[in-house]
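Just so we're aligned, residue 375 is where the sequence shown starts under this note's numbering, counting upward by one.
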Amino acid sequence: LVFANVDFSRRPHYHEFHGTLPPTCTLQYVYAIFRHGIRSPIREPYPKSPNARLYKNVFPGVRGKLTKVYDAPSVATHTCPKIAAITAAALNVSEQPDQRKDRKLIYKLMRENTGHPEMDSVMSVGNVYDVILFEGLNGLPQPEWAIGPRPELDNKPLFPDLLEPIYLEFYYNNVYLEHKQSCLQFISGPLLYSIQEQLKKHEVPREEKFRFHGTSDFAIMGVLSGMGVDVRAIIDPGDGVLFEVHRENLTSEVKVLYYHSMSHSLERLILGRCPDPCTVDEFIKKFPGLSPERWTELCFSDDPCPPAEDFEKTNLYAF
């Protein structure tokens with residue numbers, strides 16, 4: 375996850391990036407959050423997978439593991455009850471047969487090539503997408519039927535071009551179910567609150583000037599959605615969001631960058647609700663998040679779906 379050598383007299387030097395950022399003397403502080411790195415596939419190989427025989431040696435043990443310590447089921451038991459309810463609803467939605475006519479051919483090709491007879495939902499596509507992605511990232515060949523151009527689909531490959539938008543719906547279902555603020559607040563609320571607390575440290579003497587935290591793809595998507603960013607691609611392993619604090623014109627401004635791990639490149643994110651110059655104070659005002667106390671109160675309230683009162687008061691999600 376450490377990919378930058380930071381010199382605070384200038385901008386961080388991202389030596390391996392394809393595109394470079396202009397030097398700056400204004401950088402004061404950097405806080406970054408990243409998705410964890412490469413893991414094994416979550417699911418077992420699909421029936422017709424040419425790599426199935428290699429799994430025993432390449433991916434020993436339980437699927438989806440980062441380390442022996444990583445154990446999603448044990449972590450999930452300690453989470454917010456409302457998040458558990460949202461996740462259950464999201465899984466139910468994602469497992470329903472997809473009725474979109476423009477996807478019928480895609481599902482037909484997936485059934486023929488994977489050997490899965492019930493390949494007709496967002497969840498089923500997501501499971502195979504995860505297998506193909508992490509097989510490739512772990513050095514196994516990706517199937518030609520998936521990565522090759524398909525004449526019947528305007529010469530586009532299934533993976534990632536046509537499958538990624540379908541799989542992305544699974545993430546939206548989990549993070550921003552039915553585009554309800556009352557769902558999004560449980561994911562993005564505590565994260566945005568944590569980010570603002572970190573950004574306040576830029577003025578604290580002798581504080582570290584570069585901090586980063588590892589997290590999940592769902593958390594990254596929650597942060598982006600909470601800031602009003604239209605997420606149109608999967609959060610790849612190693613992707614991250616950097617929050618830079620610059621001192622310009624006697625004010626401290628926040629600049630948000632997205633790091634694409636696959637291309638080793640940075641993309642500047644323009645926040646519609648906090649346009650340049652977005653000061654630290656304005657960022658905190660526009661994206662207040664939820665304090666741990668308020669988050670806990672909402673998580674364990676009797677209301678099955680508490681309204682996003684804290685968010686609506688500040689117009690947080692007025693996209």
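Every residue, glycine too, gets a C-beta built ideally from N, C-alpha and C. Every value quoted in this text rests on a predicted model; they were computed, and no experiment measured them.
Do the CB positions of residue i and residue j come within less than 9 Å of each other?
{"i": "I540", "j": "V496", "result": "yes"}
{"i": "K422", "j": "G510", "result": "no"}
{"i": "E526", "j": "L479", "result": "yes"}
{"i": "V654", "j": "V628", "result": "yes"}
{"i": "I416", "j": "V597", "result": "no"}
{"i": "E618", "j": "V404", "result": "yes"}
{"i": "C648", "j": "F661", "result": "yes"}
{"i": "Y633", "j": "S626", "result": "no"}
{"i": "P339", "j": "R427", "result": "Lying outside 375 to 693, the shown extent of the chain, residue 339 is not represented and no answer is given."}
{"i": "R585", "j": "K574", "result": "no"}
{"i": "I658", "j": "D650", "result": "no"}
{"i": "S414", "j": "F508", "result": "yes"}
{"i": "A593", "j": "L558", "result": "no"}
{"i": "P491", "j": "P424", "result": "no"}
{"i": "N548", "j": "W519", "result": "no"}
{"i": "V605", "j": "L542", "result": "yes"}
Would you report the Cα separation of residue i and residue j, rounded to the nearest angstrom?
{"i": "I412", "j": "A607", "result": "17 Å"}
{"i": "Q402", "j": "I506", "result": "41 Å"}
{"i": "C454", "j": "P523", "result": "43 Å"}
{"i": "G500", "j": "G663", "result": "30 Å"}
{"i": "K456", "j": "T400", "result": "42 Å"}
{"i": "K430", "j": "D504", "result": "18 Å"}
{"i": "E469", "j": "S498", "result": "7 Å"}
{"i": "F544", "j": "S556", "result": "18 Å"}
{"i": "I521", "j": "M484", "result": "12 Å"}
{"i": "G600", "j": "S562", "result": "5 Å"}
{"i": "S568", "j": "V630", "result": "15 Å"}
{"i": "A462", "j": "E552", "result": "14 Å"}
{"i": "K554", "j": "M493", "result": "28 Å"}
{"i": "V432", "j": "R668", "result": "44 Å"}
{"i": "D528", "j": "D476", "result": "13 Å"}
{"i": "P579", "j": "C652", "result": "23 Å"}
{"i": "V646", "j": "G588", "result": "In the sequence under discussion, the amino acid at residue 646 is Gly, which differs from the Val named in the question. Going by the C-alpha atoms only, they are around 26 Å apart."}
{"i": "L730", "j": "E571", "result": "A query on residue 730 cannot be resolved here, the shown segment of the chain reaching from 375 to 693 and no further."}
{"i": "L532", "j": "K482", "result": "12 Å"}
{"i": "S675", "j": "P666", "result": "14 Å"}
{"i": "M636", "j": "T398", "result": "25 Å"}
{"i": "N512", "j": "Y546", "result": "26 Å"}
{"i": "E671", "j": "Y550", "result": "20 Å"}
{"i": "P534", "j": "P515", "result": "14 Å"}
{"i": "H620", "j": "F560", "result": "30 Å"}
{"i": "K583", "j": "M595", "result": "25 Å"}
{"i": "Y420", "j": "V603", "result": "34 Å"}
{"i": "E418", "j": "G438", "result": "10 Å"}
{"i": "A464", "j": "E656", "result": "33 Å"}
Based on DSSP bridge pairs, tell me the residues matched to residue i.
{"i": "V615", "result": "I407, Y632"}
{"i": "P531", "result": "P523"}
{"i": "H553", "result": "None, per the DSSP bridge assignment."}
{"i": "E622", "result": "T625"}
{"i": "N401", "result": "Correcting the residue type first, residue 401 is Leu in the shown sequence and not Asn. Paired residue(s): H620."}
{"i": "T653", "result": "E627"}
So what does DSSP say about residue i, is it helix, strand or coil?
{"i": "Q516", "result": "coil"}
{"i": "P471", "result": "strand"}
{"i": "F674", "result": "coil"}
{"i": "E418", "result": "coil"}
{"i": "T488", "result": "helix"}
{"i": "R642", "result": "strand"}
{"i": "L537", "result": "coil"}
{"i": "V664", "result": "The identity of residue 664 in the sequence shown is Leu, whereas the question assumes Val. Coil at L664, not helix or strand."}
{"i": "N379", "result": "Note that N379 scores a pLDDT of 31, beneath 50, so its modelled location is shaky and nothing firm can be said."}
{"i": "G435", "result": "coil"}
{"i": "T461", "result": "helix"}
{"i": "A607", "result": "coil"}
{"i": "P424", "result": "coil"}
{"i": "R580", "result": "coil"}
{"i": "R477", "result": "helix"}
{"i": "M601", "result": "coil"}
{"i": "M595", "result": "helix"}
{"i": "I569", "result": "helix"}
{"i": "S637", "result": "coil"}
{"i": "I412", "result": "coil"}
Taking only beta-carbon atoms, is residue i less than 9 Å away from chain B?
{"i": "T398", "result": "Given the protein chain composition of this structure (a single chain), no chain B is represented."}
List the endpoints of the continuous alpha helix (DSSP H) containing residue i.
{"i": "G500", "result": "496-511"}
{"i": "N431", "result": "429-432"}
Since residue i is in the beta strand (DSSP E), which residue starts that stretch and which ends it?
{"i": "F586", "result": "584-589"}
For residue i, verify whether its CB is less than 8 Å away from any heavy atom of the ligand MN.
{"i": "E656", "result": "The ligand MN is not part of this structure, which contains no ligands at all."}
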